[in-house]
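**Student:** Below is the structure I would like to discuss, written out as structure tokens.
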Amino acid sequence: MSQAEAVRRASPLWTLGLLSSELLTTFRRWRTLALLGVLAAVPVLVGIAVRIETGDGSSAGGGGGGEGPAFISQITNNGLFLVFTALAATLPFFLPMAIGVVAGDAIAGEANAGTLRYLLVAPAGRSRLLLTKYATVMAFCLVATLVVAVSALVTGALLFPLGDLTTISGTRISFSEGLARALLIALVVAVSLIGVAALGLFVSTLTNSGIAAMATTVGLLITVQILDQIPQLHALHPYLFSHYWLSFADLMREPVYWDDLTKNLGLQALYAAVFGSAAWARFTAKDITA
352 MSQAEAVRRA SPLWTLGLLS SELLTTFRRW RTLALLGVLA AVPVLVGIAV
402 RIETGDGSSA GGGGGGEGPA FISQITNNGL FLVFTALAAT LPFFLPMAIG
452 VVAGDAIAGE ANAGTLRYLL VAPAGRSRLL LTKYATVMAF CLVATLVVAV
502 SALVTGALLF PLGDLTTISG TRISFSEGLA RALLIALVVA VSLIGVAALG
552 LFVSTLTNSG IAAMATTVGL LITVQILDQI PQLHALHPYL FSHYWLSFAD
602 LMREPVYWDD LTKNLGLQAL YAAVFGSAAW ARFTAKDITA
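Counting the sequence shown from 1 gives a position; this note's numbering is that position plus 351.
Now the structure itself:
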């Protein structure tokens, strides 16, 4: 290796250049834009449905029967609750599915397109390339969550009144504090998806087919969701990455309940560490032929 190549490999600026290139490539893909478009449409559809349902003066959620996502009965009183409802509606499937598609295609898609070897010759190095791919997927987690939150906020502001809001505990907080909590909830939701991101990246290192990696990741996601709904498996539930996803609702309590929130964040960190390490071990030892 020449001295110039060695400097280039070690240069943080070159690493940032690789990351920026990956970000641009990911967010310019039509598939990524379509996923973000679908996520942005969900809060709009929920907001319109609630507006139509309550047009005759009735309350959302079937008159307090408990149907529908959390916070849905509060949307007509304050449009900010549409943010919380939209995140609760998209977190069980739409958001993780989008993450699974992007993560599953991260490595396998490059191999399928025949560009993986060229990325490694660039030179990127396997560990650096894998970290860059994971950072890109995590950036997508954040962007996707913010797309849902912003779309819900705009829709809620257009269709419903805004103002001070009542927490789950019954206390009143100002609109500005509610907006800050909405942002914090969006960040927590984004962090809640890093386990899925690591799982998808690991699956992506096992195959050279992007479609197979995406399908497997989404299939595992659905399987875990089903297992989390079977009462007989209650002993297993606390170890499933989706079990504490909806704990973000505790941020709307006064005072905030941190127990399930910390369990969720700790569980996501554990999944990220385990499957991230597995992805690194697989990728660094993998025979790259494409």
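For glycine and all other residues, C-beta sits at the position ideal for the given N, C-alpha and C.
What's the C-alpha gap between L591 and L578?
**Tutor:** On the sequence shown, residue 591 is found 240 positions in, with the first residue counted as 1. On the sequence shown, residue 578 is found 227 positions in, with the first residue counted as 1. In a straight line, the C-alpha of L591 is about 8 angstroms away from that of L578.
**Student:** Quick one: using the 10 Å Cβ neighbour count with 16 as the cut-off for buried, is D515 buried or exposed?
**Tutor:** As a working note, residue 515 is residue 164 in the sequence shown. Classification for D515: exposed.
**Student:** Tell me the start and end of each unbroken alpha helix (DSSP H) in the segment 557 to 602 that is at least 4 residues and wholly inside, in chain order.
**Tutor:** Taking only runs of at least 4 residues, the alpha helix (DSSP H) segments lying wholly in the segment 557 to 602 are 561 to 578.
**Student:** Taking the alpha carbon of F526 as the point to measure from, which residue in F634, A440, I573, L431 has its own alpha carbon closest?
**Tutor:** The residue labelled residue 526 in the question sits at position 175 within the sequence shown. Answer by Cα proximity: L431.
**Student:** Under the assumption that F422 contacts T405 (Cβ atoms under 8 angstroms), give the Cβ distance between them as a whole number of angstroms.
**Tutor:** Translated into positions along the sequence shown, residue 422 becomes position 71. Translated into positions along the sequence shown, residue 405 becomes position 54. Not confirmed; about 14 angstroms, so no contact.
**Student:** Just checking my contact of L602 with I545 at CB under 8 angstroms: how many whole Å lie between their CB atoms?
**Tutor:** As a working mapping, residue 602 is identified with position 251 in the sequence shown. As a working mapping, residue 545 is identified with position 194 in the sequence shown. So it is not a contact: roughly 18 angstroms between Cβ atoms.
**Student:** Let me know if W596 comes out buried or exposed under the rule of 16 or more other beta-carbons within 10 Å of its beta-carbon.
**Tutor:** One-based indexing of the sequence shown puts residue 596 at position 245. Burial call: buried.
**Student:** Assuming F491 and V547 are in contact, meaning their beta carbons sit under 8 angstroms apart, how far apart are those beta carbons, in whole angstroms?
**Tutor:** Numbered from 1 along the sequence shown, position 140 holds the residue referred to as residue 491. Numbered from 1 along the sequence shown, position 196 holds the residue referred to as residue 547. Wrong, their Cβ atoms sit about 11 angstroms apart, outside the cutoff.
**Student:** If you drop the 5 nearest sequence neighbours on each side, which residues of the same chain put their C-beta closer than 7 angstroms to that of A541?
**Tutor:** In the sequence shown, residue 541 corresponds to position 190, counting from 1. Here the set comprises C492, L493, T496.
**Student:** Once the 5 residues before and after V488 are set aside, which same chain residues still bring their CB inside 8 angstroms of it?
**Tutor:** As a first step, residue 488 must be located in the sequence shown, where it is residue number 137. Closer than 8 angstroms at the Cβ level, and outside the excluded window around V488, lie I450, V453, A454, A457, A548, G551, L552.
**Student:** Suppose you measure from the CA of G368 to the CA of I524; what does that come to, to the nearest Å?
**Tutor:** Here residue 368 is taken as the residue at index 17 of the sequence shown, counted from 1. Here residue 524 is taken as the residue at index 173 of the sequence shown, counted from 1. Those two C-alpha atoms are separated by around 43 angstroms.
**Student:** Look up L510 in the DSSP assignment and give the residues it is bridged to.
**Tutor:** For the purposes of this step, residue 510 is taken as the residue at position 159 of the sequence shown. Answer is none; L510 lacks a bridge partner.
**Student:** With F634 as the anchor, note down where its alpha helix (DSSP H) starts and where it stops.
**Tutor:** Counting from 1 along the sequence shown, the entry for residue 634 is found at position 283. Per DSSP, F634 belongs to the alpha helix (DSSP H) from 610 to 636.
**Student:** Between the segment 498 to 517 and the segment 391 to 399, are three or more C-beta pairs nearer than 8 angstroms?
**Tutor:** Short answer: they touch.
**Student:** Taking its Cβ as the centre, do 16 or more other Cβ atoms sit within 10 Å of S371, making it buried, or is it exposed?
**Tutor:** As a position in the sequence shown, residue 371 is number 20, starting the count at 1. It counts as exposed.
**Student:** What does DSSP give as the partner residue(s) for I524 in the beta ladder?
**Tutor:** Here residue 524 refers to the residue found at position 173 of the sequence shown. I524 is bridged to L516.
**Student:** What residue from I562, V569, H585, M565 has the CA that sits closest to P443's CA?
**Tutor:** In the sequence shown, counting from the first residue as 1, residue 443 sits at position 92. For P443, the nearest C-alpha among the options comes from V569.
**Student:** Are the beta-carbon atoms belonging to A564 and V575 less than 7 angstroms from one another?
**Tutor:** As a first step, residue 564 must be located in the sequence shown, where it is residue number 213. As a first step, residue 575 must be located in the sequence shown, where it is residue number 224. Not a contact, by the Cβ cut-off of 7 angstroms.
**Student:** Name the two residues that bound the continuous alpha helix (DSSP H) containing F553.
**Tutor:** One-based indexing of the sequence shown puts residue 553 at position 202. Run containing F553: 545 to 555, per the alpha helix (DSSP H) assignment.
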